[in-house]
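Novice:
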Amino acid sequence: MKNVFYLVIVFFIPQLTFSKDTDIHFYGTLISEPCTLSLDSEEQLIDFGPIVKSTFNNNTVAAKRNVNITLNDCDISISKFVKFTFHGDKFSDNEELFAVTGEAKGIAIKLISEDGDNISPDVPMSDIELSSGTNQLNIEAMLVGYDLSKISTGSFSSVVTFSMSYD
4 MKNVFYLVIV FFIPQLTFSK DTDIHFYGTL ISEPCTLSLD SEEQLIDFGP IVKSTFNNNT
64 VAAKRNVNIT LNDCDISISK FVKFTFHGDK FSDNEELFAV TGEAKGIAIK LISEDGDNIS
124 PDVPMSDIEL SSGTNQLNIE AMLVGYDLSK ISTGSFSSVV TFSMSYD
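Rendered as C-alpha cells:
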C-alpha cells in the first residue's frame with residue numbers, strides 16, 4: 004500500500020508544482036470601409052494569348068483586354084468617392100506605360116479608363132463617385148509595341164497592383 008501511495012504522489016505532485024496561469028490576449032482594429040472588394044477582382048489573370056509580331060507598328064496596339072474591378076456593399080454615408088492608383092514597373096521608353104518582363108522586348112502595357120484617360124504607373128486617377136451598393140471600374144489593358152526596331156519575340160508578363168483611397 005505504501006508503494007501505491009508513493010506512485011500517486013510521484014504522478015500528481017509535478018502537475019501541482021508546474022501549473023501556471025497564462026493569459027491569451029486578443030486584439031485587432033475595427034475599421035469603417037465604404038466598400039468591399041469583390042473576390043473576382045482580386046488576383047486577376049489577363050491572358051493576351053499568342054500575338055504575331057507583324058501586328059505591331061510603332062506605338063500601336065496589338066491586343067486589348069477588359070479588366071473589371073467590382074466594389075460591393077458601398078455605403079456612401081461613409082464616403083462618396085474612391086480614387087484608384089495602379090502600381091507597377093514603368094516602361095523605360097515611356098513612363099506612362101507599364102513594363103513587361105520576360106523574353107519579349109519592345110512592348111509595354113497601356114491602361115485606359117472608361118473615360119479614355121491614360122492610367123499611368125503610380126499616378127492616382129481622378130475621383131470616381133460611388134453609388135450605394137455595387138460599383139464597377141472598367142478599364143482596358145492594351146499591349147503596345149513601342150519601338151518596332153526593339154521588338155523581339157518570346158513570353159512576357161507584368162504585375163500591376165492597385166490601391167484605393169476614399170474621400
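Residue 4 is where the sequence shown starts when you use our numbering, and the numbers rise one by one after that. Backbone N, C-alpha and C fix where the C-beta goes; we use that ideal spot for every residue, glycine too.
1) Would you call the segment 137-149 and the segment 64-72 touching, i.e. three or more CB-CB distances under 8 Å?
2) Entirely within the segment 48-85 and at least 3 residues each: give me those beta strand (DSSP E) ranges in chain order.
3) Look up SER135 in the DSSP assignment and say whether it is helix, strand or coil.
4) Quick one: what's PHE160 bridged to in DSSP?
5) Does the Cβ of ASN138 have 16 or more other Cβ atoms within 10 Å, making it buried, or fewer, making it exposed?
6) I need the straight-line Cα distance from GLU117 to LEU140, nearest angstrom please.
7) Note down the Cα distance separating PRO53 from LYS83, rounded to an integer number of angstroms.
8) Closest to SER49 by CA distance: which of SER161, TYR169, MET167, SER166 is it?
9) Tell me the residue span of the beta strand (DSSP E) that contains ILE115.
10) I'd like to check one pair, SER123 with GLU106: are the Cβ atoms closer than 8 Å?
11) How would you call ILE112, buried or exposed, if buried means at least 16 neighbouring beta carbons within 10 angstroms?
12) Taking just the CA atoms, how far does PHE101 sit from ASP76?
Specialist: Straight from the coordinates:
1) yes
2) 63-77
3) coil
4) In the sequence under discussion, the amino acid at residue 160 is Ser, which differs from the Phe named in the question. DSSP lists THR104 as partners of SER160.
5) buried
6) 8 Å
7) 41 Å
8) For the sequence presented, residue 49 should be read as Ile rather than Ser. Answer by Cα proximity: SER161.
9) 110-115 is the span of the beta strand (DSSP E), which, as asked, contains ILE115.
10) no
11) buried
12) 31 Å
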